[in-house]
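Asker: The following block contains the structure, expressed as structure tokens.
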Amino acid sequence: MKEQNEERDALTGFLTHTAFEKEFAQHLHESIEKGEALSLAIADLDLLRRFNDTHGQIFGNDALRKMAESFRQHIPRNAIAGRFGGEEFIVLFPKTEREEAFLAIERIRMDWDVEREFSDGQNIISAKLTLSGGVAAYPADGTTVAEILRKAEQALYRAKVSGRNRICIAQEERMIPKTAHYTATQLERLAKLAKEHEVPEALFLREALDCLLRKYTVSEKLS
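In the numbering used here, the protein residues as written are 6 to 228.
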């Protein structure tokens with residue numbers, strides 16, 4: 006029972022970040038073996054931090070619970086939902102093309118494009134909280150968990166900078182060269198790691214940078 010509770014977010018009942026990534030890795034492996042499509046969507050409530058600062062986090066928690074319920078109503082039964090942290094939700098769509106996943110998340114966005122009531126247990130307020138999201142898929146946008154996650158996050162970022170309250174599909178990213186210096190030991194260990202896993206060294210470096218950006222929430226001002 007304890008292990009099950011640790012895998013579920015207490016507020017929404019969705020999978021936690023770690024539990025979701027395990028499910029993602031397993032389903033991606035199955036999709037690769039069977040040659041089936043798989044899609045991923047990342048979405049969050051726009052400006053929830055500002056909403057919390059204005060009204061209080063208890064109202065914000067009610068908004069997150071109501072958002073989770075919208076996900077349950079609109080995503081397919083075989084989809085797997087997780088709370089990736091803060092106001093961010095993530096959904097895995099097994100055996101689903103990217104466009105189908107987009108339409109599912111778009112229905113949720115449209116459902117939230119109105120004023121809603123939120124409660125702190127005693128008081129009720131009316132406010133409009135919108136949704137932004139990004140969608141990526143295997144094999145179109147990557148063949149690893151890290152690649153597909155990065156493409157979905159890039160699409161979410163594009164939705165934010167384009168004005169929020171929209172869902173964007175992943176696009177091919179332009180690579181920009183940037184010079185950096187590493188110690189000999191770091192490069193030796195990187196080369197060994199890349200050889201063991203049979204993937205390019207650059208892929209590991211991009212994955213490490215993605216983890217760093219998520220850790221320090223660089224896109225926080227856009228939320």
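Built from N, CA and C at the ideal position, the CB exists for glycine as well.
Within the same chain, show all residues whose beta-carbon is closer than 7 Å to that of H60, passing over the 5 residues directly before and after it, in chain order.
Answerer: The residue given as residue 60 occupies position 55 in the sequence shown. The answer, listed in chain order, is I130.
Asker: Can you check whether the CB of I80 is closer than 8 Å to the CB of G87?
Answerer: Taking the sequence shown and counting its residues from 1, the one referred to as residue 87 is at position 82. Taking the sequence shown and counting its residues from 1, the one referred to as residue 80 is at position 75. Their beta carbons are not under 8 Å apart, which means G87 does not touch I80 by this criterion.
Asker: Taking only three categories from DSSP, how would you classify E93?
Answerer: Translated into positions along the sequence shown, residue 93 becomes position 88. In the structure shown, E93 sits in a strand (DSSP, three-state: E or B).
Asker: Could you tell me the boundaries of the beta strand (DSSP E) in which G138 lies?
Answerer: On the sequence shown, residue 138 is found 133 positions in, with the first residue counted as 1. Taken as a continuous stretch (DSSP letters only), the beta strand (DSSP E) holding G138 covers L136 to Y143.
Asker: Where does M115 land, buried or exposed, given buried means 16+ other C-beta within 10 angstroms?
Answerer: Counting from 1 along the sequence shown, the entry for residue 115 is found at position 110. By the neighbour-count rule (16 or more Cβ atoms within 10 Å), M115 is not buried but exposed.
Asker: Based on Cα-Cα distance, which residue from L52, E92 and A84 lies nearest to R70?
Answerer: What you label residue 70 is simply residue 65 of the sequence shown in a count that begins at 1. When each option's Cα is compared against that of R70, the closest is E92.
Asker: Taking the straight line between their C-alpha atoms, what separation do you get for K100 and E28?
Answerer: Sequence index remark: in the sequence shown, residue 100 carries index 95 (1-based). Sequence index remark: in the sequence shown, residue 28 carries index 23 (1-based). Going from the Cα of K100 to the Cα of E28 covers about 14 Å.
Asker: Confirm, please, whether the CB-CB distance from D125 to D67 is below 8 Å.
Answerer: By one-based count along the sequence shown, residue 67 stands at place 62. By one-based count along the sequence shown, residue 125 stands at place 120. Yes. Within cutoff.
Asker: For K100, is the beta carbon positioned less than 7 Å from some heavy atom of the ligand ATP?
Answerer: The ligand ATP is absent from the structure shown, which contains no ligand whatsoever.
Asker: Counting only runs of 4+ residues fully inside the stretch 36 to 93, write out the alpha helix (DSSP H) ranges in chain order.
Answerer: List check, alpha helix (DSSP H) in window: 53 to 60 and 62 to 79.
Asker: On the premise that A189 lies in contact with D146, defined as a C-beta separation below 8 Å, what is that separation, rounded to the nearest angstrom?
Answerer: Stepping through the sequence shown from its first residue, residue 146 is reached at position 141. Stepping through the sequence shown from its first residue, residue 189 is reached at position 184. So it is not a contact: roughly 34 Å between Cβ atoms.
Asker: From what residue to what residue does the beta strand (DSSP E) around R121 run?
Answerer: Residue 121 sits at position 116 when you count from the first residue of the sequence shown. Taken as a continuous stretch (DSSP letters only), the beta strand (DSSP E) holding R121 covers R121 to S124.
Asker: Going by the DSSP bridge assignment, what does S131 pair with across the sheet?
Answerer: Position 126 of the sequence shown holds residue 131. DSSP output for S131 lists E122 as bridge partner(s).
Asker: Decide if V223 is buried, meaning its Cβ has at least 16 other Cβ atoms within 10 Å, or exposed.
Answerer: What you label residue 223 is simply residue 218 of the sequence shown in a count that begins at 1. Because the pLDDT of V223 is 48, which lies under 50, any placement of that residue in the model is unreliable, and the number read from its coordinates should be weighed accordingly. With fewer than 16 other Cβ atoms within 10 Å, it is exposed.
Asker: Could you pull the start and end residues of the alpha helix (DSSP H) that T161 belongs to?
Answerer: Here residue 161 refers to the residue found at position 156 when the sequence shown is read from its first residue. According to the sequence as given, residue 161 is Leu; it is not Thr. Its alpha helix (DSSP H) spans residues V150 to V166.
Asker: Please go through the same chain and pick out, in chain order, the residues whose beta-carbon is closer than 6 Å to the beta-carbon of L192, but skip the five residues on each side of it.
Answerer: Within the sequence shown, the letter at position 187 stands for residue 192. Cβ neighbours of L192 beyond the five flanking positions: none.
Asker: Indicate whether L161 and I47 have their beta-carbon atoms separated by less than 8 Å.
Answerer: By one-based count along the sequence shown, residue 161 stands at place 156. By one-based count along the sequence shown, residue 47 stands at place 42. Taking 8 Å as the Cβ cut-off, L161 and I47 qualify as a contacting pair.
Asker: Given a cut-off of 8 Å, decide if I113 and V140 are closer than it, judged by their beta-carbon atoms.
Answerer: Mapped onto the sequence shown, residue 140 falls at position 135. Mapped onto the sequence shown, residue 113 falls at position 108. I113 is positioned such that its CB atom lies no closer than 8 Å to that of V140.
Asker: Return the residue from the list D118, A151 and E201 that minimises the CA-CA distance to D51.
Answerer: Residue numbering aside, residue 51 sits at position 46 when the sequence shown is read from its first letter. Per the Cα distances, D118.
Asker: Taking only the alpha-carbon atoms, compute the straight-line gap between S44 and Q159 and give it to the nearest angstrom.
Answerer: Along the sequence shown, one-based indexing puts residue 44 at 39. Along the sequence shown, one-based indexing puts residue 159 at 154. C-alpha separation (whole angstroms): 15 Å.
Asker: With respect to the alpha helix (DSSP H) encompassing F107, which residues constitute its N-terminal and C-terminal limits?
Answerer: Here residue 107 refers to the residue found at position 102 when the sequence shown is read from its first residue. Where F107 is concerned, the enclosing alpha helix (DSSP H) stretches over R103 to D116.
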